[in-house]
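Trainee: Before anything else, here's the structure in question.
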Amino acid sequence: ETGVTQSPTHLIKTRGQQVTLRCSSQSGHNTVSWYQQALGQGPQFIFQYYREEENGRGNFPPRFSGLQFPNYSSELNVNALELDDSALYLCASSLDRGRGGPNTEAFFGQGTRLTVV
Amino acid sequence: RKEVEQDPGPFNVPEGATVAFNCTYSNSASQSFFWYRQDCRKEPKLLMSVYSSGNEDGRFTAQLNRASQYISLLIRDSKLSDSATYLCVVKITNAGKSTFGDGTTLTVKP
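If you're matching them up, the sequences are chains A and B in order.
The end of the first sequence is residue 126 by the numbering used here, with every number in the run present.
The end of the second sequence is residue 638 by the numbering used here, with every number in the run present.
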């Protein structure tokens, strides 16, 4: 077990609705990254939060937003859901030691499988 | 062209075989490299980091060629339990973004 937990595990939403996905990072980790994984593809980077601030964003529209809390847990919010948003959403936590420090590997939660109908 | 490219496979090999996967990346500023394993409908799990000098973990050997911008993973003496999708991951240190390939599917058969 990685210690990264996501909720809910499965979710069905209607097109146009909004959704909030949650992630609790592994103890001692200060960085959370969110990914979208469509069937048959690798995870696509959405964004990363480091010490409560966005630290990099992938090619996703502004209706994908997030935040990180002081305890380093995180939320991913998606507004105006589209059918193509149906995917597995993965959260990964890691420890980044700031500029000049080595990267640590990321550990993933089990994911939230979102279906938009 | 994708930033990280992998041969999707599938690779179908018998138990005991040696199999190698390659991964190429386009951003020469990339500094950290990893192989992850993903079982069907599960989350990716770290298999191993890839170091410049190459590294080995049991039956698994990872190598990095910066000049040619590719990473390889060699699996020796394949086991049935090695059947999975292997994801190549490239990261630019401190840039916040990890880029995944689409994975290579391996099936090891009795």
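Using N, Cα and C, we set each Cβ at its ideal position, and we do this for glycine too.
With distances taken from CA atoms, which of B:R569, B:S611 and B:F588 is nearest B:S600?
Mentor: Within the second sequence, the letter at position 72 stands for residue 600 of chain B. Measuring from the Cα of B:S600, the nearest candidate turns out to be B:F588.
Trainee: Between the C-alpha atoms of A:R31 and A:S82, what's the straight-line distance to the nearest angstrom?
Mentor: Locating residue 31 of chain A in the first sequence gives position 22, counting from the first residue. Locating residue 82 of chain A in the first sequence gives position 73, counting from the first residue. C-alpha separation (whole angstroms): 8 Å.
Trainee: For A:Q15, report the span of its beta strand (DSSP E) as first-last.
Mentor: Along the first sequence, read from residue 1 onward, the residue named residue 15 of chain A stands at position 6. Note, A:Q15: beta strand (DSSP E), T14 to S16.
Trainee: If you draw a straight line from the C-alpha of B:R640 to the C-alpha of A:G120, how long is it?
Mentor: Because chain B in this structure spans residues 529 to 638, residue 640 of chain B falls outside the shown range and cannot be described.
Trainee: Tell me whether A:D94 sits in a helix, a strand or coil according to DSSP, three-state version.
Mentor: For the purposes of this step, residue 94 of chain A is taken as residue 85 along the first sequence, with counting starting at 1. Three-state result, A:D94: helix.
Trainee: Cα-Cα, which of A:A89, A:E61 and A:P79 is closest to A:Q73?
Mentor: Indexing the first sequence from 1 puts residue 73 of chain A at position 64. Here residue 73 of chain A is Phe; the residue named in the question, Gln, does not match the sequence. Looking at the Cα atoms, A:A89 is the closest of the given residues.
Trainee: Hey, would you say A:A96 sits closer than 8 Å to B:S626, going by beta carbons?
Mentor: As a position in the first sequence, residue 96 of chain A is number 87, starting the count at 1. As a position in the second sequence, residue 626 of chain B is number 98, starting the count at 1. Against a cut-off of 8 Å, the Cβ pair of B:S626 and A:A96 comes out as no contact.
Trainee: Following the continuous beta strand (DSSP E) through A:H19, name the residue where it begins and the one where it ends.
Mentor: Locating residue 19 of chain A in the first sequence gives position 10, counting from the first residue. Looking at the DSSP string, the run of the beta strand (DSSP E) that includes A:H19 is H19 to K22.
Trainee: If the criterion is Cβ atoms closer than 8 Å, does the pair A:V13 and A:S102 meet it?
Mentor: Here residue 13 of chain A refers to the residue found at position 4 when the first sequence is read from its first residue. Here residue 102 of chain A refers to the residue found at position 93 when the first sequence is read from its first residue. Contact: yes.
Trainee: Would you mind sorting A:I21 into buried or exposed? The rule is 16 or more other CB atoms within 10 Å of its CB.
Mentor: Here residue 21 of chain A refers to the residue found at position 12 of the first sequence. Exposed, because fewer than 16 other Cβ atoms sit within 10 Å of the Cβ of A:I21.
Trainee: Among B:F539, B:G544 and B:A557, which residue has its Cα nearest to the Cα of B:S596?
Mentor: Residue 596 of chain B sits at position 68 when you count from the first residue of the second sequence. Out of B:F539, B:G544 and B:A557, B:A557 has the C-alpha closest to the C-alpha of B:S596.
Trainee: Which residues mark the beginning and the end of the beta strand (DSSP E) in which B:F562 is found?
Mentor: Along the second sequence, one-based indexing puts residue 562 of chain B at 34. Unbroken beta strand (DSSP E) run through B:F562: S560 to Q566.
Trainee: If I follow the unbroken beta strand (DSSP E) through B:D585, where does it start and stop?
Mentor: For this step, residue 585 of chain B is matched to residue 57 along the second sequence. That run of the beta strand (DSSP E) goes N583 to D585.
Trainee: Thinking C-alpha only, which one of B:T632, B:V532, B:I603 and B:P638 is nearest B:F561?
Mentor: As a working note, residue 561 of chain B is residue 33 in the second sequence. Checked all of B:T632, B:V532, B:I603 and B:P638; the closest Cα to B:F561 is B:V532.
Trainee: Going straight from the alpha carbon of B:D565 to that of B:L574, what length do you get?
Mentor: By one-based count along the second sequence, residue 565 of chain B stands at place 37. By one-based count along the second sequence, residue 574 of chain B stands at place 46. Inspection of the sequence shows that residue 565 of chain B is occupied by Arg rather than by Asp. Approximately 6 Å between the Cα atoms of the pair.
Trainee: Could you run through the segment 67-85 of chain A and flag, in chain order, every residue whose CB is less than 9 Å away from some CB of chain B?
Mentor: If the cut-off is 9 Å between Cβ atoms, the segment 67-85 of chain A has G67 near chain B.
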